[in-house]
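Q: Below are the structure tokens for one structure; questions will follow.
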Amino acid sequence: MFKVKVLNQEVIKKTLGMKQVIEGVEKVYTLKAEKRAHVWPMIFHEFEPGVADMDIKSGYLKDADIYGLKLVSWYGENPKKDLPPLIGTTLLFNMKTGAPMGLLSAEHITGMRTGAAGAIGAKYLANKDAENFLMVGTGHQAPFQIAAILMAMENIKTVRLYDPLNFEKAKELEGNIKGLLKEEFLQYYKEDEETYNALKKKFNVAFEAVEDLEDAVKKSEVITTATPSRKPMIMKEWVKPGTHISCVGADMSGKQEIDENIFGVAKVIVDDVNQATNVGETEMPIKKGIIDESHIIGEIGEVMLGNIKGRTSESDITVYDSTGIALQDLMISNLAIHIAKEKNIGEEILL
């Protein structure tokens with residue numbers, strides 16, 4: 001029998017702070033660039049198109065001696081049954097023995113690592129003095145993206161909020177976001193006075209719900225898109241020189257958030273070339289012949305290591321295609337398990 005750590009969502013929230021998650025995801029990207037971590041091909045299956053599907057992302061982290069997978073199921077009819085439409089589970093294994101190590105709820109970890117990923121794209125590709133951030137999409141992922149951006153970027157002063165379907169949702173988030181940032185991200189650091197005060201200052205920015213996306217894009221230097229859109233929302237002619245865009249929503253073939261023509265004038269960096277060209281924001285520009293794979297400068301880890309250059313001038317338009325890779329889930333799940341053991345929280349079962 002094997003001792004397996006089991007962590008539910010509430011326990012995981014007690015183990016993870018966004019600063020540590022950003023650091024963990026940065027480490028993942030550099031390990032991948034150094035060929036010390038590997039992503040295996042993604043598996044996707046539709047049980048019923050538009051109604052129920054699942055995907056499996058997997059890989060291994062050599063330095064951490066772990067491998068594993070995250071399985072995410074989407075059942076669109078679940079809310080009618082008082083169940084969440086998206087259900088995720090992560091499994092971790094010891095790479096030296098193959099023994100199971102952990103079984104974790106994936107929802108909060110996915111939110112945290114996805115927020116960190118979008119912010120890391122901005123941290124390494126946006127102009128450092130950028131002050132205006134636009135969040136496109138006001139759903140579950142938005143607070144994670146906003147918290148991570150404010151932690152990763154030094155000079156953001158205004159955060160604009162745009163919902164592509166309902167302006168009232170953007171207004172609602174405008175009213176709630178400061179409370180969400182405090183309760184969901186700041187409170188984790190309440191025992192660390194220095195960090196708490198530094199983050200409290202960073203979170204003290206202006207939030208503004210907007211109805212006119214074109215105007216908001218023209219006013220923004222950093223943009224994150226996190227929607228399930230299948231048609232472009234941001235047009236090429238709206239994007240001013242020097243803008244950075246982190247595209248987070250496209251994680252399945254056919255999804256698209258920004259005009260494919262932006263790719264023709266942008267410097268494009270991705271988290272994983274294979275995923276980006278098959279299921280990411282980069283898929284449509286390639287399929288429509290705007291660019292080919294050679295137009296992709298490289299992966300974000302290579303930028304972080306200095307092996308390649310992303311932004312080379314203040315006027316560059318940069319796009320970061322963040323599809324989400326299993327290595328993020330494995331690294332952050334492993335971190336959660338270690339912290340849970342230190343705090344003696346969560347359950348341990350014999351399997």
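The opening residue of the sequence shown carries number 1 in the UniProt record's numbering; numbering runs sequentially from there. All C-beta atoms, glycine included, are put in the ideal place defined by N, C-alpha and C.
#1: Report the rounded CA-to-CA distance for His108 versus Gln9, giving the unit in angstroms.
#2: Within the same chain, show all residues whose beta-carbon is closer than 6 Å to that of Arg311, passing over the 5 residues directly before and after it, in chain order.
#3: Which runs of the beta strand (DSSP E), 3 residues or longer, sit entirely within the segment 185-272?
#4: Should Ser294 be labelled buried (16 or more other beta-carbon atoms within 10 Å of its own) or exposed?
#5: Could you give the residue range of the alpha helix (DSSP H) that holds Arg113?
#6: Verify whether the separation of the beta carbon atoms of Ala52 and Tyr29 is less than 8 Å.
#7: Please go through the segment 287-344 and give each complete beta strand (DSSP E) segment of 3 or more residues, from N-terminal end onward.
#8: Applying the criterion that 16 or more other CB atoms from any shown protein chain within 10 Å of the CB defines a buried residue, is Asp82 buried or exposed?
#9: Distance, Cα to Cα, Gly50 vs Leu161?
#10: Relative to the C-alpha of His38, which residue among Pro143, Ser246, Lys96, Asp272 is closest?
#11: Got a sec, what are the start and stop residues for the alpha helix (DSSP H) Gly68 sits in?
#12: My assumption, with CB atoms under 8 Å, is that Asp316 sits in contact with Val268. Please give the rounded CB distance.
#13: Just mark Thr277 as buried or exposed, buried being the case when its beta carbon has 16 or more other beta carbons within 10 Å.
#14: Could you tell me the alpha carbon to alpha carbon distance between Ala206 and Lys255, rounded to whole angstroms?
#15: Specify, as a first and last residue, the run of the alpha helix (DSSP H) that Thr30 falls within.
#16: Taking DSSP as the reference, what is the three-state secondary structure of Lys62?
#17: What did DSSP end up calling Asn176 once you bin it into helix, strand or coil?
#18: What does a CB cutoff of less than 6 Å around Ala119 pick up in its chain, not counting 5 residues either side in sequence?
#19: Cβ of Thr227 within 8 Å of Cβ of Pro164?
#20: Would a C-beta distance cut-off of 8 Å place Glu260 and Ile290 closer than the cut-off?
#21: Using DSSP bridges, identify the partner residues of Phe44.
#22: Less than 8 Å between the C-beta atoms of Ile332 and Lys14, yes or no?
#23: Specify the secondary structure class of Lys3 as computed by DSSP and reduced to three states.
A: On the basis of the supplied data:
#1: 6 Å
#2: Leu125, Thr318
#3: 206-209, 222-225, 230-234, 244-247, 256-258, 267-270
#4: exposed
#5: 107-125
#6: no
#7: 296-299, 318-321
#8: exposed
#9: 28 Å
#10: Asp272
#11: It is not in any alpha helix (DSSP H) - Gly68 instead sits in the beta strand (DSSP E) that spans 66-75.
#12: That belief does not hold up - the Cβ atoms of Asp316 and Val268 are roughly 11 Å apart, past 8 Å.
#13: buried
#14: 31 Å
#15: 18-33
#16: coil
#17: helix
#18: Ala148, Ile149, Ala152
#19: yes
#20: yes
#21: Asp55
#22: no
#23: strand
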